[in-house]
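Undergrad: Sharing a structure below in structure tokens format, with a few things to ask.
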Amino acid sequence: MEKKQSDGTIKKSIRKRIMEGYLTVTLLSALVGVITVISLSVLFVFYANITSLDEERATLSNTISAHYQWRSDLIRSLENGSSFTGSLDPKTCSFGKWLNEYMMDSNTNSEIKSMAQQITERHDEIHSLAEELLTMSETNRESAVNLFFSELDPKTSEVIEGLYDIDSIDSAEVATNTRRFESMMTVMIIVIVLAVIGISVFSFLYGRKLASQIAKPVMMVADWSKDLSFGAADLDVDSEKLAKMERENADNEVGMMISAFHTMADNIRENMAVVQRIADGDMTAFVKIRSRRDSLGKSLYRLVQSNDIMFNEIVDSAHSVAAGADEIAAASHMLADSSTVQASAAQHLSDEMKHVSDLIQFNDEKAQAAYEITKEIKVALETSNEHMKILCDSVIHMRNASKEIATVMKTIDDITFETNILALNAAIEAARAGAAGKGFAVVANEVRALAMKSAEAAQESHVLIENSIKQTENGTNIATESAAIFEGINQKISQIIEIVEQVSGLSTNQMESIRQVAESVNQITEAATKNAAISEESDASSQEMRNQAAFLRDKMKHFNLRKREKGKAYIPNEKQHDEDFIEYANKAYQLKETTGQYGNEYIDPNGRDLDVN
1 MEKKQSDGTI
11 KKSIRKRIME
21 GYLTVTLLSA
31 LVGVITVISL
41 SVLFVFYANI
51 TSLDEERATL
61 SNTISAHYQW
71 RSDLIRSLEN
81 GSSFTGSLDP
91 KTCSFGKWLN
101 EYMMDSNTNS
111 EIKSMAQQIT
121 ERHDEIHSLA
131 EELLTMSETN
141 RESAVNLFFS
151 ELDPKTSEVI
161 EGLYDIDSID
171 SAEVATNTRR
181 FESMMTVMII
191 VIVLAVIGIS
201 VFSFLYGRKL
211 ASQIAKPVMM
221 VADWSKDLSF
231 GAADLDVDSE
241 KLAKMERENA
251 DNEVGMMISA
261 FHTMADNIRE
271 NMAVVQRIAD
281 GDMTAFVKIR
291 SRRDSLGKSL
301 YRLVQSNDIM
311 FNEIVDSAHS
321 VAAGADEIAA
331 ASHMLADSST
341 VQASAAQHLS
351 DEMKHVSDLI
361 QFNDEKAQAA
371 YEITKEIKVA
381 LETSNEHMKI
391 LCDSVIHMRN
401 ASKEIATVMK
411 TIDDITFETN
421 ILALNAAIEA
431 ARAGAAGKGF
441 AVVANEVRAL
451 AMKSAEAAQE
461 SHVLIENSIK
471 QTENGTNIAT
481 ESAAIFEGIN
491 QKISQIIEIV
501 EQVSGLSTNQ
511 MESIRQVAES
521 VNQITEAATK
531 NAAISEESDA
541 SSQEMRNQAA
551 FLRDKMKHFN
561 LRKREKGKAY
571 IPNEKQHDED
581 FIEYANKAYQ
591 LKETTGQYGN
601 EYIDPNGRDL
611 DVN
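See the structure below:
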């Protein structure tokens with residue numbers, strides 16, 4: 001983009017100059033290309049003409065050779081009488097064909113056309129004469145041969161010489177065109193070389209001038225940047241040279257670069273001044289935030305703000321630590337006293353627990369003895385119960401045996417009854433027999449008497465057995481009841497054993513609990529002793545804390561911290577008289593209090609971020 005200077009001249013930007021130089025070189029290159037194309041076109045025309053003439057000469061040479069051959073064939077035919085293979089038509093022979101094509105070409109040389117027309121007359125004559133000679137040779141060969149040498153051969157030689165003359169003219173024209181072609185080629189090469197040299201020289205000079213205009217300021221800015229990398233305080237800028245360069249490049253990108261670098265250097269100096277004040281302990285420094293994209297300014301602002309808040313908190317913490325140290329010292333004295341009382345009470349409790357432990361141990365020993373005796377009783381009862389079961393089984397067997405005996409006695413009673421019946425029948429039969437049966441009657445009576453006695457004995461035995469069965473059943477009932485009683489006693493003894501075991505287990509648990517309590521009491525005693533020692537150490541530590549807090553307060557006096565008023569934004573000294581800044585800073589502070597956003601996210605009337613706390 002072009003800009004008009006104060007002196008009325010118009011300067012162009014570096015980009016514009018580069019584009020103009022590029023376009024100039026491009027146009028010159030295009031001009032060279034056009035010249036080259038035109039030259040090549042002219043050369044092509046010359047080359048095409050030369051090629052056409054060469055082709056014409058080749059055709060003409062073939063025509064001459066053909067006429068030599070035609071003449072040889074004709075004389076051979078006339079002398080030998082052989083058949084003539086050549087053309088007798090002047091329009092179909094090689095010369096006639098060449099002449100027809102040559103005359104139709106509009107670019108044909110007029111001189112050559114005139115010569116060709118003259119040759120045509122002779123050419124037509126030799127073809128007409130050849131036809132006559134061939135006809136004559138059929139009747140008079142010798143006359144035909146003589147006429148050939150006297151008339152036709154000279155005319156043929158004239159035609160061939162005319163063709164040679166045309167070839168000479170073509171050869172001269174080819175040589176002329178060749179010389180023109182070579183001259184044109186030389187001129188074109190010289191023009192192209194000179195154009196390339198001119199473009200190269202122009203490009204070099206223009207590029208050198210433009211590079212000098214760009215490189216000098218860039219190198220100077222590079223040197224300043226190098227110096228700046230070693231520290232903003234050591235940056236040495238030649239003000240006159242800088243002003244001159246800015247004037248020379250005020251309208252282009254280099255000037256913008258120099259101006260931007262100068263602004264950047266000033267900003268870095270300002271930030272370095274803030275950092276120096278921070279290093280010296282001054283937290284009231286004003287950080288200028290130049291835009292929303294000024295991340296360095298924002299970070300530096302937050303550094304100042306966070307350090308100021310942190311150091312204020314450290315000072316407050318130092319006061320709190322000192323106050324806390326006094327409270328810790330008082331608490332340490334109270335802890336020492338209570339630890340002494342606690343240790344005495346724990347010792348008394350330990351003695352009481354020892355006495356309780358002895359009583360529980362005595363109870364445990366007695367419970368263990370009762371447990372052993374109860375176990376012996378249980379064993380004896382179990383043995384008696386087993387014997388009682390055996391006795392019950394024996395009584396049951398006796399009752400069953402008595403029942404079996406009663407059954408046998410019933411059988412004996414039945415046998416006695418049957419025997420008595422049989423004896424009675426035998427007596428009756430003996431009475432019937434009379435004297436012959438008298439002896440048998442005596443035997444029958446004896447048997448009957450014996451049967452009666454057996455019945456009486458069986459009846460008595462039955463009574464005794466019935467009594468025995470009743471007594472056995474009574475004994476069985478008594479044995480069963482006794483066994484049940486022994487079983488109940490055995491169960492009670494088992495319950496007693498379980499209770500004694502529980503008592504013994506509880507005694508053991510009590511002993512373990514007492515032991516644990518005793519250990520706890522011992523631990524309490526040790527803890528109380530340690531607490532007493534710790535309380536003394538805490539007293540000494542609290543004194544050390546007071547000393548350290550006082551030392552910290554003295555060290556923090558080195559820092560110049562911001563004096564903040566609650567509910568108001570902190571205004572740096574540099575902005576104490578900037579009413580717009582103060583107004584917007586307080587608004588930003590209030591908005592920060594309600595939204596939680598940083599104050600420097602808000603912009604002052606001039607478009608800069610505010611340094612707000």
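Okay, so the sequence shown: first residue is 1 according to UniProt numbering, each after it adds one. Glycine included, C-beta positions come from ideal geometry on N, C-alpha and C.
1) Can you give the Cα-Cα distance for V193 and F202, rounded to whole angstroms?
2) Determine the DSSP secondary structure at I478, reduced to helix, strand or coil.
3) In whole angstroms, give me the CA-to-CA distance for D170 and T51.
4) Just to confirm my understanding: we take M398, look at its own chain, exclude 5 residues before and 5 after, and list those with CB closer than 7 Å. What are they?
5) Return the chain-ordered list of same chain residues with a C-beta closer than 8 Å to the C-beta of L43, the five sequence neighbours on each side being excluded.
6) How long is the line joining the alpha carbons of M19 and R293, rounded to whole angstroms?
7) Inspect the beta-carbon positions of T374 and I497 and report whether they are closer than 8 Å.
8) Would you say H67 and I160 are within 8 Å of each other, going by their C-beta atoms?
9) Could you check if S402 is buried or exposed, using at least 16 other CB atoms within 10 Å of its CB as the buried criterion?
10) For D282, does the three-state DSSP call read helix, strand or coil?
11) Near S468, which residues of its chain fall below 6 Å by C-beta distance, leaving aside the five closest residues on each side in sequence?
12) So M136 packs on A144, CB below 8 Å; how close in whole Å?
13) Determine the direct distance from the alpha carbon of K378 to that of A455, and round the result to whole angstroms.
14) Roughly how far, in whole angstroms, is the beta-carbon of G81 from the beta-carbon of W70, given that I think they are within contact range, below 8 Å?
15) With H, G and I counted as helix, E and B as strand and the rest as coil, what does DSSP make of I289?
16) Our contact map puts L53 next to I166 with C-beta atoms below 8 Å; I'd like the distance itself, whole angstroms only.
17) For N547, does the three-state DSSP call read helix, strand or coil?
18) Roughly how many whole angstroms lie between the Cα atoms of E574 and T594?
19) To which residues of the same chain is L28 closer than 6 Å at the C-beta, ignoring the five residues directly before and after it?
20) Is Y206 helix, strand or coil by DSSP?
21) Within 10 Å of its beta-carbon, does K298 have 16 or more other beta-carbons around it, so buried, or fewer, so exposed?
22) Locate the alpha helix (DSSP H) running through L133, then write down its first and last residues.
23) How many whole angstroms separate the CB atoms of L133 and L78, which I take to be in contact at a CB cut-off of 8 Å?
24) In terms of alpha-carbon separation, which member of I405, A449, I412 and F46 lies closest to residue 635?
25) I need the DSSP call for L506, collapsed to helix, strand or coil.
26) If G21 and L210 are in contact, beta carbons under 8 Å, what's the gap, nearest whole angstrom?
27) When you compare the CB positions of L163 and T24, do they come within less than 8 Å of one another, or not?
28) Please name the residue in K91, F149, I489 and E158 whose C-alpha comes closest to that of residue 622.
TA: So, to answer that:
1) Against the sequence shown, residue 193 aligns to sequence position 193. Against the sequence shown, residue 202 aligns to sequence position 202. Straight-line Cα distance between these residues: approximately 14 Å.
2) Walking along the sequence shown from the start, residue 478 turns up at place 478. Helix, per DSSP.
3) Numbered from 1 along the sequence shown, position 170 holds the residue referred to as residue 170. Numbered from 1 along the sequence shown, position 51 holds the residue referred to as residue 51. Linking D170 to T51 through their CA atoms gives a straight-line distance of about 11 Å.
4) Here the question's residue 398 lines up with position 398 in the sequence shown. Around M398: T472.
5) Start at 1 with the first residue of the sequence shown, and residue 43 comes out as number 43. Answer for L43: F181, M184, M185 and M188, listed in chain order.
6) Residue numbering aside, residue 19 sits at position 19 when the sequence shown is read from its first letter. Residue numbering aside, residue 293 sits at position 293 when the sequence shown is read from its first letter. When rounded, the distance between both Cα atoms is 33 Å.
7) Counting from one through the sequence shown, the residue named residue 374 turns up at place 374. Counting from one through the sequence shown, the residue named residue 497 turns up at place 497. Judged by beta-carbon spacing, I497 lies within the 8 Å limit of T374, meaning their Cβ atoms are closer than that value.
8) Reading the sequence shown from its first residue, position 67 is the one you call residue 67. Reading the sequence shown from its first residue, position 160 is the one you call residue 160. Cβ atoms of H67 and I160: closer than 8 Å.
9) Stepping through the sequence shown from its first residue, residue 402 is reached at position 402. Its Cβ being crowded by 16 or more others within 10 Å, S402 is buried.
10) Against the sequence shown, residue 282 aligns to sequence position 282. In the structure shown, D282 sits in a strand (DSSP, three-state: E or B).
11) Within the sequence shown, numbered from 1, the residue matching residue 468 stands at position 468. Same-chain partners within the cutoff: S402.
12) Residue numbering aside, residue 136 sits at position 136 when the sequence shown is read from its first letter. Residue numbering aside, residue 144 sits at position 144 when the sequence shown is read from its first letter. Confirmed, Cβ separation roughly 4 Å.
13) The sequence position of residue 455 within the sequence shown is 455, counting from 1. The sequence position of residue 378 within the sequence shown is 378, counting from 1. Between A455 and K378, the alpha-carbon positions lie close to 54 Å from each other.
14) Taking the sequence shown and counting its residues from 1, the one referred to as residue 81 is at position 81. Taking the sequence shown and counting its residues from 1, the one referred to as residue 70 is at position 70. About 18 Å separates the two Cβ atoms, so there is no contact after all.
15) In the sequence shown, the residue the question calls residue 289 occupies position 289. I289 falls in the strand class under three-state DSSP.
16) As a working note, residue 53 is residue 53 in the sequence shown. As a working note, residue 166 is residue 166 in the sequence shown. At roughly 11 Å, the Cβ-Cβ gap does not stay under 8 Å, so L53 and I166 are not in contact.
17) Your numbering for residue 547 matches position 547 in the sequence shown. Of the three classes helix, strand and coil, the one that applies to N547 here is helix, per DSSP.
18) Position 574 of the sequence shown, counted from the first residue, corresponds to residue 574. Position 594 of the sequence shown, counted from the first residue, corresponds to residue 594. Going from the Cα of E574 to the Cα of T594 covers about 27 Å.
19) As a position in the sequence shown, residue 28 is number 28, starting the count at 1. Within its own chain, the residues whose Cβ lies closer than 6 Å to the Cβ of L28, once the five positions on either side in sequence are excluded, are I199, listed in chain order.
20) Here residue 206 refers to the residue found at position 206 of the sequence shown. Y206 falls in the helix class under three-state DSSP.
21) The residue given as residue 298 occupies position 298 in the sequence shown. Answer is buried; the Cβ neighbour count reaches 16.
22) Position 133 of the sequence shown, counted from the first residue, corresponds to residue 133. Start and end: S110 to S137.
23) Position 133 of the sequence shown, counting from 1, holds the residue named residue 133. Position 78 of the sequence shown, counting from 1, holds the residue named residue 78. In this structure, L133 and L78 form a Cβ contact; the two beta carbons are roughly 6 Å apart against a cut-off of 8 Å.
24) Because the chain in this structure spans residues 1 to 613, residue 635 falls outside the shown range and cannot be described.
25) One-based indexing of the sequence shown puts residue 506 at position 506. Of the three classes helix, strand and coil, the one that applies to L506 here is helix, per DSSP.
26) Locating residue 21 in the sequence shown gives position 21, counting from the first residue. Locating residue 210 in the sequence shown gives position 210, counting from the first residue. Between L210 and G21 the Cβ distance is about 7 Å, and since that is below 8 Å, they are a contact.
27) Working through the sequence shown from its first residue, we reach residue 163 at position 163. Working through the sequence shown from its first residue, we reach residue 24 at position 24. Not in contact: L163 and T24 (Cβ atoms no closer than 8 Å).
28) The chain is shown only over 1 to 613; residue 622 falls outside these bounds and no answer can be derived.
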